[in-house]
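Which chain is which? The protein sequence lines are A and B, in order.
Take 1 as the starting number for the first sequence in the working numbering and just add one per residue.
Take 103 as the starting number for the second sequence in the working numbering and just add one per residue.
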Amino acid sequence: MEKTYAGQAISTNEQGYLTDLNQWNRDIGTEIAKEEDIEMTDRHWEVIEYLQDQYRKEVPLSVRKVGKSNVVSIKEFYQLFPKGPLKISSRIAGIPKPVSCI
Amino acid sequence: MKQLLILGAGTSGTMMANHLNKVLPKDSWNISIVDQEETHYYQPGFLFLPFDLYKTKDVKKKIDKFIPKRVKLINEKIERIDKDKNEVVLKNNTILSYDILIVATGTNIAPQEIEGMLGAHWHKSVFDFYTYEGAKNLRDKLRTWKGGKLVVHISEMPIKCPVAPLEFAFLADSFFTNKGIRDQVEISFVTPMSGAFTKPKATEALNYLLEQKHIKVIPDFNIESVDGPNHKIMDYAGEEVAYDLLVTIPTNMGDPMIKRSGIGDELNYIPTDKATLQTKIKDNIFAIGDATNLPASKAGSVAHFEAEILTENIQRYIAGKELKKEFDGHANCFIETGHGKALLIDFNYTQEPVKGTFPFPGVGPLSLLKETHMNHMGKLAFKWIYWNMLIKGKHIPFVSATMQTSGKQIEETTH
Numbered sequence: 001m002e003k004t005y006a007g008q009a010i011s012t013n014e015q016g017y018l019t020d021l022n023q024w025n026r027d028i029g030t031e032i033a034k035e036e037d038i039e040m041t042d043r044h045w046e047v048i049e050y051l052q053d054q055y056r057k058e059v060p061l062s063v064r065k066v067g068k069s070n071v072v073s074i075k076e077f078y079q080l081f082p083k084g085p086l087k088i089s090s091r092i093a094g095i096p097k098p099v100s101c102i
Numbered sequence: 103m104k105q106l107l108i109l110g111a112g113t114s115g116t117m118m119a120n121h122l123n124k125v126l127p128k129d130s131w132n133i134s135i136v137d138q139e140e141t142h143y144y145q146p147g148f149l150f151l152p153f154d155l156y157k158t159k160d161v162k163k164k165i166d167k168f169i170p171k172r173v174k175l176i177n178e179k180i181e182r183i184d185k186d187k188n189e190v191v192l193k194n195n196t197i198l199s200y201d202i203l204i205v206a207t208g209t210n211i212a213p214q215e216i217e218g219m220l221g222a223h224w225h226k227s228v229f230d231f232y233t234y235e236g237a238k239n240l241r242d243k244l245r246t247w248k249g250g251k252l253v254v255h256i257s258e259m260p261i262k263c264p265v266a267p268l269e270f271a272f273l274a275d276s277f278f279t280n281k282g283i284r285d286q287v288e289i290s291f292v293t294p295m296s297g298a299f300t301k302p303k304a305t306e307a308l309n310y311l312l313e314q315k316h317i318k319v320i321p322d323f324n325i326e327s328v329d330g331p332n333h334k335i336m337d338y339a340g341e342e343v344a345y346d347l348l349v350t351i352p353t354n355m356g357d358p359m360i361k362r363s364g365i366g367d368e369l370n371y372i373p374t375d376k377a378t379l380q381t382k383i384k385d386n387i388f389a390i391g392d393a394t395n396l397p398a399s400k401a402g403s404v405a406h407f408e409a410e411i412l413t414e415n416i417q418r419y420i421a422g423k424e425l426k427k428e429f430d431g432h433a434n435c436f437i438e439t440g441h442g443k444a445l446l447i448d449f450n451y452t453q454e455p456v457k458g459t460f461p462f463p464g465v466g467p468l469s470l471l472k473e474t475h476m477n478h479m480g481k482l483a484f485k486w487i488y489w490n491m492l493i494k495g496k497h498i499p500f501v502s503a504t505m506q507t508s509g510k511q512i513e514e515t516t517h
């Protein structure tokens, strides 16, 4: 699928997650955040950068792992990205939704 | 003499001891393996024990029975690895030097990570089934339980055998139906993921199972605490789920020894190259199975495939050759669905589970991503294969270490 964000054609899956992190930039992240009713701040971006870094290192993510990262506490993670923080922040970060093996 | 040291005599460590016994020259290499346990558990059997489908004797044997004579088995707790000195320190202060180290210390449950999970209610109304004690205590509870709200719950990923909680829910449906009290039991499946199934093909093929078995799914639930006295679990978003019987998969973590050695990540897993199985800690330290941080499933079948590739890479490392970047994340898992049926899935790092036949393309006899009685027979047969072939390091005929695409219905997708 293709969607237009910040004037660019971006490939996404059916659930609106980017399929190629190389296409991502902050303007695209900001527009996806708007769709999730989130106004991005510096704190939001710090978390997004951490998630992208972990994704590039191929480290599987979980809410509790993010909480242990010293980047953000789980409470604050929920405040920044309410209702399903990992799902929503992953979408804004341009990385895949966390999945299990089936 | 050179020293090869293996830490952990579980599924991975025992397989490596058997493989290396065959390939390392006896006149130049000593092999030792350390484990504090005296029992080797057949962990897939912990799923069947709570439902009285397996007896305790089906799931445990003496650990030394599977270690070759030439390999020295040291029955002692490991204190820490000193990577700079190429030494391992044991609890009794013995120091073991090594030329090559293989870490196979696995993963375990860490219920202390969740507030309120441990307490007077632990193994009374809140159970795990990932330990022998947990599975056995849950069996005793289920023998007399009269029904109510059964909540099957995953704390967070990654966990050992990611499909086991779902299998537990399916077998519970079967168990209470056979007991004639299914109408007295409400089964819920509570997960931090977006659903019981998260991959597109599996969701499409298997979602009917949840409806058919009347299992209610509560997704996106990230547990914050357990309220044992009031029988409920709470998540960070303020959601609550009440239970009469909670069967939980606590946070899984690598061995605390990894933390004491200062070589693990936040969950005590060892950063490891996903294709060669050499650790990113030091060139002469390798890791296998659940102890690694690989983005593969934590499962015996994965360890089995890794063992074949790691054996070759240890030989290459000794010979000063480049390591083979061959491990592809291959996993092959039976999934019990209850009522005498099971599914089979075969996948790797990049290929999600799809429909097809296994191991012979177009023939089977096993079916991928489809419920059959034959798959269930396969799962039962696996216990014999485990004790007699798998941990002894024998190659399982027709099943290769890397995933095969033939026989699978793979179509091009956009993601």
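Quick reminder that beta carbons are idealized off the backbone N, C-alpha and C, glycines included.
Between the C-alpha atoms of V125/B and Q417/B there is a straight-line separation of about 8 angstroms. Among the residues of chain A, none has a CB under 9 angstroms from the CB of N450/B; the nearest is roughly 10 angstroms distant. Each residue's CA atom was taken as its position, placing P331/B and D337/B some 17 angstroms apart. Looking only at Y232/B, D160/B, D129/B, the smallest Cα-Cα distance to V349/B is reached by Y232/B.
The beta-carbon of E368/B is placed less than 8 angstroms from the nearest beta-carbon of chain A. Listed along the chain, the chain A residues whose CB falls inside 8 angstroms of the CB of E258/B are S62, V63, R64, K65. Inter-residue distance for I256/B and T4/A is about 37 angstroms (C-alpha atoms, whole angstroms). Residue pairing by DSSP places Q314/B opposite no residue, since no beta bridge is assigned to it. Scanning its chain for C-beta atoms nearer than 6 angstroms, with the 5 sequence neighbours on each side dropped, one finds no residue around W224/B. Put simply, the backbone Cα of A503/B is about 7 angstroms away from that of E408/B.
Annotation: K162/B is outside any alpha helix (DSSP H); the continuous beta strand (DSSP E) that includes it extends over 162-164. Residue E2/A holds the alpha-carbon nearest to the alpha-carbon of Q23/A among E2/A, E76/A, A33/A. Residues of chain A whose Cβ lies closer than 7 angstroms to the Cβ of N395/B are, in chain order, V59. Residues of chain A with a Cβ closer than 8 angstroms to the Cβ of I447/B are, in chain order, C101, I102. For the pair G495/B and M117/B, the CB atoms are nearer than the 8 angstroms cut-off. Between the C-alpha atoms of T141/B and F323/B there is a straight-line separation of about 36 angstroms. Taking 8 angstroms as the threshold, the shortest C-beta distance from Y338/B to chain A falls below it. Between the beta-carbon of V190/B and that of I180/B there is about 6 angstroms, and that keeps the pair under the 8 angstroms contact cut.
Comparing alpha-carbon positions, the option among I420/B, E368/B, E306/B, G250/B lying closest to S130/B turns out to be I420/B. Collapsing the DSSP output to three states places D27/A in a helix. Measuring C-alpha to C-alpha distances from I176/B to each of V136/B, D346/B, I437/B identifies V136/B as the nearest. One alpha carbon belongs to D53/A, the other to D37/A, and they sit about 24 angstroms apart.
H121/B counts as buried, since no fewer than 16 other beta carbons sit within 10 angstroms of its beta carbon. For Q214/B, the secondary structure class from DSSP, reduced to helix, strand or coil, is helix.
In this chain, R182/B is not harboured by any alpha helix (DSSP H); it is covered by the beta strand (DSSP E) spanning 180-184. Between L80/A and H44/A, the C-beta gap is smaller than 8 angstroms, which places the two residues in contact. Sorting V253/B, N210/B, P463/B, D184/B by C-alpha distance to the C-alpha of P358/B places N210/B at the top. DSSP places D242/B inside the alpha helix (DSSP H), whose first and last residues are 234-246. Taking all protein chains in view, the Cβ of A111/B is crowded by 16 or more other Cβ atoms within 10 Å, so the residue is classified as buried. Of the other Cβ atoms in all chains shown, fewer than 16 fall within 10 Å of the Cβ of G16/A; this residue is therefore exposed. DSSP places Q105/B inside the beta strand (DSSP E), whose first and last residues are 104-109. The beta carbon of F299/B sits closer than 8 angstroms to some beta carbon of chain A. For S399/B, the C-beta contacts it makes with chain A under 7 angstroms involve C101, in order along the chain. With a cutoff of 8 angstroms on beta-carbon distance, D201/B and N386/B are scored as near each other. DSSP, reduced to helix, strand and coil, places H497/B outside both helices and strands of the structure shown, so it counts as coil. Residue L273/B holds the alpha-carbon nearest to the alpha-carbon of H478/B among L273/B, P152/B, D230/B.
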